[in-house]
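**Q** Could you have a look at this structure, given as structure tokens, before my questions?
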């Protein structure tokens, strides 16, 4: 699946790109600015775009609104980092957010591994013409009844691979998956309330491989500081 993203632009660059304000989250920009590697399994906070006029800062781990306890929230989060496009409307965790709570996940690229026997080779994958592109996401709001605090969290939607990404992401537990990347023309449509299930599903298809590119990166990128520019250097 898709657990390693890159967002190496500033918060102000994101605000300009999406026509949103950034006042609310600029106080956290020392933490989230220019992250060359964002690992979902650290359950990070991450800038997302919603219908709101401000950029938002949500947690990458969708906690459904119906979760009862903090312990349950911790247990479910490892299973809700990604949401498969094919099962969005059948999974209890994702069904309601898929209908009513959409977001855009800004990205400058993402990481996958090619498997050849026991050898794993990491690739950096990106769009040729878009410095910042959008991955379809869903979010939910869970209230911790023990503290009274609301938690805004999201999941990244994945789909099948295209002719470029399929041969790269060829192994592991969930091979041949990629983020559901939206074209610039589809971004505001994804955020439009009232979309039908058919309209939603039609937006969640692999983009053409010809719009993308990829190259092999250094194998130690996982051990580097996420703000280190060398993470995305060619091997």
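Numbering (this note's numbering), first residue to last: 46 to 280.
Backbone N, C-alpha and C define an ideal beta-carbon position, used for all residues, glycine too.
1. Would you say residue 254 and residue 208 are within 7 Å of each other, going by their C-beta atoms?
2. Along the chain, where does the beta strand (DSSP E) that runs through residue 194 open and close?
3. In terms of DSSP beta bridges, what is residue 152 paired with?
4. Nearest by alpha-carbon distance to residue 215: which of 167, 272, 178 is it?
5. According to DSSP, is residue 225 helix, strand or coil?
6. Going by beta carbon distance, what residues of the same chain come within less than 8 Å of residue 108, once the five residues before and after it are set aside?
7. When the Cα atoms are used, what is the spatial distance from residue 100 to residue 55?
8. For my contact list, residue 95 and residue 148 are in at a C-beta cut-off of 8 Å; report their separation, rounded to the angstrom.
9. Check each candidate in 52, 243, 46, 246 and name the one with the smallest Cα separation from residue 272.
10. Between which residues of its own chain and residue 111 is the CB-CB distance below 7 Å, once the five residues before and five after are set aside?
11. Are residue 170 and residue 224 touching if we call contact CB-CB under 7 Å?
12. What three-state label does DSSP hand residue 16 in the structure shown?
13. Relative to the ligand MG, is the shortest distance from any of its heavy atoms to the C-beta of residue 280 smaller than 6 Å?
14. Identify which residue in 220, 182, 160 has its Cα closest to the Cα of residue 202.
15. When the Cα of residue 71 is compared with those of 102, 227, 191, which residue comes out closest?
16. What are the start and end residues of the alpha helix (DSSP H) that includes residue 242?
**A** Considering the structure as presented:
1. Stepping through the chain shown from its first residue, residue 254 is reached at position 209. Stepping through the chain shown from its first residue, residue 208 is reached at position 163. Less than 7 Å divides the Cβ of residue 254 from the Cβ of residue 208.
2. In the chain shown, residue 194 corresponds to position 149, counting from 1. Per DSSP, the continuous beta strand (DSSP E) segment holding residue 194 begins and ends at 194-205.
3. Position 107 of the chain shown holds residue 152. For residue 152, the pairing in a beta bridge is given by DSSP as 178.
4. Position 170 of the chain shown, counted from the first residue, corresponds to residue 215. Of 167, 272, 178, the residue nearest in Cα terms is 167.
5. Walking along the chain shown from the start, residue 225 turns up at place 180. Assigned with DSSP and collapsed to three states, residue 225 falls in coil, not helix or strand.
6. By 1-based counting over the chain shown, the position of residue 108 is 63. Cβ neighbours of residue 108 beyond the five flanking positions: 118, 121, 122, 125, 185, 187, 196, 198.
7. Along the chain shown, read from residue 1 onward, the residue named residue 100 stands at position 55. Along the chain shown, read from residue 1 onward, the residue named residue 55 stands at position 10. A direct Cα-Cα distance of roughly 12 Å separates residue 100 from residue 55.
8. Indexing the chain shown from 1 puts residue 95 at position 50. Indexing the chain shown from 1 puts residue 148 at position 103. Sure, about 5 Å apart at Cβ, within 8 Å.
9. Position 227 of the chain shown holds residue 272. Considering only alpha carbons, the answer is 52.
10. Stepping through the chain shown from its first residue, residue 111 is reached at position 66. Nothing listed; no residue qualifies.
11. What you label residue 170 is simply residue 125 of the chain shown in a count that begins at 1. What you label residue 224 is simply residue 179 of the chain shown in a count that begins at 1. Going by C-beta atoms, residue 170 is not nearer than 7 Å to residue 224.
12. What is shown of the chain runs 46 to 280, which leaves residue 16 out entirely.
13. In the structure shown, the ligand MG is absent, as is every other ligand, since no ligand is present at all.
14. Start at 1 with the first residue of the chain shown, and residue 202 comes out as number 157. That would be 182, whose Cα lies nearest to the Cα of residue 202.
15. As a working note, residue 71 is residue 26 in the chain shown. Answer by Cα proximity: 102.
16. On the chain shown, residue 242 is found 197 positions in, with the first residue counted as 1. DSSP places residue 242 inside the alpha helix (DSSP H), whose first and last residues are 242-248.
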